[in-house]
Amino acid sequence: MLQLNYIRDNKEEVLKRLAIKNFKDAETIINKVIELDNDRRTTQKDCDAIKAEANTIAKQIGELMKAGKKEEAEIQKAKTADLKLREKNLDEALKSIEEDIKNLLVQVPNTPSIKVPAGKTPDDNEVISEHGAKVTLAQGAVPHWDLTTKYNLIDFELGVKLTGAGFPVYKGKGAKLQRALINYFLDKATTAGYIEIQPPIMVNEDSAYATGQLPDKEGQMYHVQIDNLYLIPTAEVPITNIYRDVILKESDLPIKNCGYTPCFRREAGSYGKDVRGLNRLHQFDKIEIVQIAHPDKSYETLEVMRDFVAGILQELELPYRVLKLCGGDMSFASALTYDLEVWSAAQQRWLEVSSVSNFETFQTNRLKCRFKGADGKTQLAHSLNGSALALPRIVASLLENNQTPEGIKIPKVLIPYTGFEIIN
RNA sequence: GGAGAAGUGGCAGAGUGGUCGAUUGCGGCAGUCUUGAAAACUGUUGAGGGUCAUACCUCCGGGGGUUCGAAUCCCUCCUUCUCCGCCA
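If you're matching positions, the first sequence starts at 576 in the working numbering and goes up one per residue.
Structure below.
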């Protein structure tokens, strides 16, 4: 959520930036918000004045009662009836205005950073760099959904029986590979200074709201209605919410957390090869990295996080590229996002395996995650996060790119974790 | 799940209807003293709205109510603790 004061002071700039995100109703909404905020201020002033008067009278009554002047107290009491009524009306008006403002504000996406290129579709994303040679596969190479069956690594049909489509069952070396990747990713992150967190994988409404899943993305989460809890779509939700309603010390920054969790997404998606096999699932595993950073350092931090993820892909010997997302392809809450994509040789396409974003104060404003600066002032921190990494597409590209007539070769760096060098 | 108790500022802990946004201690910060540090002493130390700045307003787990007036009384929800039951 954007900060109201920031919108007031920088209206033109905000509109200009929102245009880069192709946000249509920007001007109407922003104008309405400012208008409502003016209303709010005058209403609150009126309300405060009445409350001040009522407070004064109440104090007087107290003193009169103490002095034993009952009759005078009664006269004062009579004065308050009217005040109370006006106070109640203004209080209600104020609440309703505040709610209107909030309802509008949650519709407005984050303003993109000046570094974000204009554009509408993924085709407009900027390719920053490309690494590693695209593998040429031997004759007879197949996509991962055939490999997982051939080597009995993942049983998609069994998942359908147990739960439904999009809930695969990993078996044998397939299961071990999952566990190896999780441990490897967590080791990389903790070595890089991230503190490991094992959070709940269900969250309450407050948490889902604070990181922006609610109110508008409600349908994308699994909702346990009887207890009003949500299955997390990413570890970002519980981990970032650790810092909800927290005032940090400047010296606490940056906070670096990582965590492995299963992630749950209801999003139905389209059918066909885009969602086949591991490309899109309802339940998958992911290691997430989160940082709470000083506003002056957050963009520097974003680059470091991006390069950290790239380093993992490098170690896994996967060909990858780094994209800077254009305004149209960025998420609602992000100010700047880098995507990392891995080349899938058998599918002949790039697969998004990580998304690293700086949210600036967009999340922390809702979270009320602040820090006390050297000047003693409390201000919002910046939040960032990235996948490091999501397993399914990494598994897909590992299987596809490393397939040989003898079997699937495990990258060197993973062998200590898997305990085997080849899947055959 | 049943019975009882409790939730106050970074922490501990007073406050049971009137001048309480809240005594006090610890911690934090600043200063005095010291070559420096410790100790001691002095001052300072919650958040939000509002204002050029003051005033002023709101917040004592969350929400609602009683009252001229609520941290204090009532209702409700949440959480924690103790005991009982069940259980990985």
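A virtual CB, placed ideally from N, CA and C, is assigned to each residue, including glycine. Since the model is a prediction, treat every value here as computed from it, not as a measurement.
For residue i, count neighbouring Cβ atoms within 10 angstroms of its own Cβ and tell me buried if that reaches 16, exposed if not.
| i | result |
| --- | --- |
| P808 | buried |
| T953 | exposed |
| D801 | The question names Asp, but residue 801 in the sequence shown is Ile. Exposed: under 16 other Cβ atoms inside 10 Å. |
| L660 | exposed |
| G768 | exposed |
| L974 | buried |
| K596 | buried |
| P718 | buried |
| I770 | exposed |
| A868 | buried |
| D623 | exposed |
| E638 | exposed |
| D950 | exposed |
| G1000 | Because the chain spans 576 through 999 in this model, residue 1000 falls outside it and cannot be assessed. |
| L804 | buried |
| S929 | buried |
Between the Cα of residue i and the Cα atoms of the options, which residue gives the shortest distance?
| i | options | result |
| --- | --- | --- |
| W720 | A693, G749, K709 | G749 |
| V1007 | L942, G948, D882, A971 | As shown, the chain starts at 576 and ends at 999. That puts residue 1007 outside it, with no answer to give. |
| N580 | N597, A810, D612, K607 | D612 |
| P829 | Q866, V812, G643 | Q866 |
| R583 | M905, L733, K607, E996 | K607 |
| L877 | G961, D791, D827 | G961 |
| F907 | E892, L789, I997, S972 | L789 |
| L722 | V799, V988, Q978, I985 | Q978 |
| V970 | E935, L955, E892 | E892 |
| Y759 | E610, Y835, A810, K947 | Y835 |
| E662 | F598, L888, D950, K626 | K626 |
| A693 | G903, Q938, Y805 | G903 |
| E935 | I776, S929, C944 | C944 |
| E705 | I676, L888, P986 | L888 |
| D675 | L658, T711, I609 | I609 |
| K677 | N803, D791, L804 | D791 |
Output yes or no for whether 9 Å exceeds the beta carbon distance between residue i and residue j.
| i | j | result |
| --- | --- | --- |
| A764 | I862 | yes |
| L679 | Q619 | no |
| A708 | P894 | yes |
| M640 | A653 | no |
| G982 | Y726 | yes |
| I729 | I772 | no |
| L959 | N933 | yes |
| L756 | C833 | no |
| Q858 | G741 | yes |
| F731 | Y797 | no |
| R896 | I703 | yes |
| L665 | D698 | no |
| L545 | V683 | The requested residue 545 is not part of the displayed model; the chain covers only 576 to 999. |
| L955 | N976 | no |
| Q938 | G787 | yes |
| N700 | L898 | yes |
| S972 | L942 | no |
| R616 | E673 | no |
| L752 | I998 | yes |
| K984 | L823 | no |
Have a look at the DSSP bridge pairing and note the partners of residue i.
| i | result |
| --- | --- |
| L806 | M777 |
| L898 | V702, D914 |
| T1026 | Beyond the ends of the chain as shown, which are 576 and 999, falls residue 1026; an answer cannot be given. |
| D730 | V744 |
| Q978 | I983 |
| T836 | K861 |
| V799 | L804 |
| V821 | C944 |
| N933 | L911, L959 |
| I867 | I830, S958 |
| L926 | V917 |
Would you check whether the ligand FMN has a heavy atom nearer than 8 Å to the C-beta of residue i?
| i | result |
| --- | --- |
| N976 | By its list of ligands, the structure shown contains no ligand whatsoever, and the ligand FMN lies outside what it can speak to. |
Next item on the list: Count the CB pairs spanning the stretch 910 to 924 and the stretch 982 to 995 that are closer than 8 Å, and state whether there are at least three.
Entry: No, the stretch 910 to 924 is not in contact with the stretch 982 to 995.
Notebook entry, point to check: Looking at C-beta atoms only, is the number of pairs between the stretch 584 to 599 and the stretch 619 to 636 that lie closer than 8 Å three or more?
Noted result: Segments in contact, no.
Margin query: Quick check: the stretch 916 to 925 against the stretch 865 to 877, are at least 3 beta-carbon pairs closer than 8 Å?
Written below: With a cut-off of 8 Å, the stretch 916 to 925 and the stretch 865 to 877 do not count as touching, because too few Cβ pairs lie within range.
Checklist line | Inter-stretch contact (C-beta, 8 Å, three-pair minimum) for the stretch 953 to 968 and the stretch 853 to 868 | finding: Proximity of the stretch 953 to 968 to the stretch 853 to 868 meets the contact definition, three or more beta-carbon pairs being nearer than 8 Å.
Notebook entry, point to check: For the 8 Å Cβ check, are there 3 or more pairs between the stretch 775 to 790 and the stretch 816 to 834?
Noted result: At 8 Å Cβ cutoff, the stretches touch.
Notebook entry, point to check: Would you say the stretch 602 to 613 touches the stretch 687 to 707, given that touching needs at least three Cβ pairs under 8 Å?
Noted result: Contact between the stretch 602 to 613 and the stretch 687 to 707 is not established, with fewer than three Cβ pairs separated by less than 8 Å.
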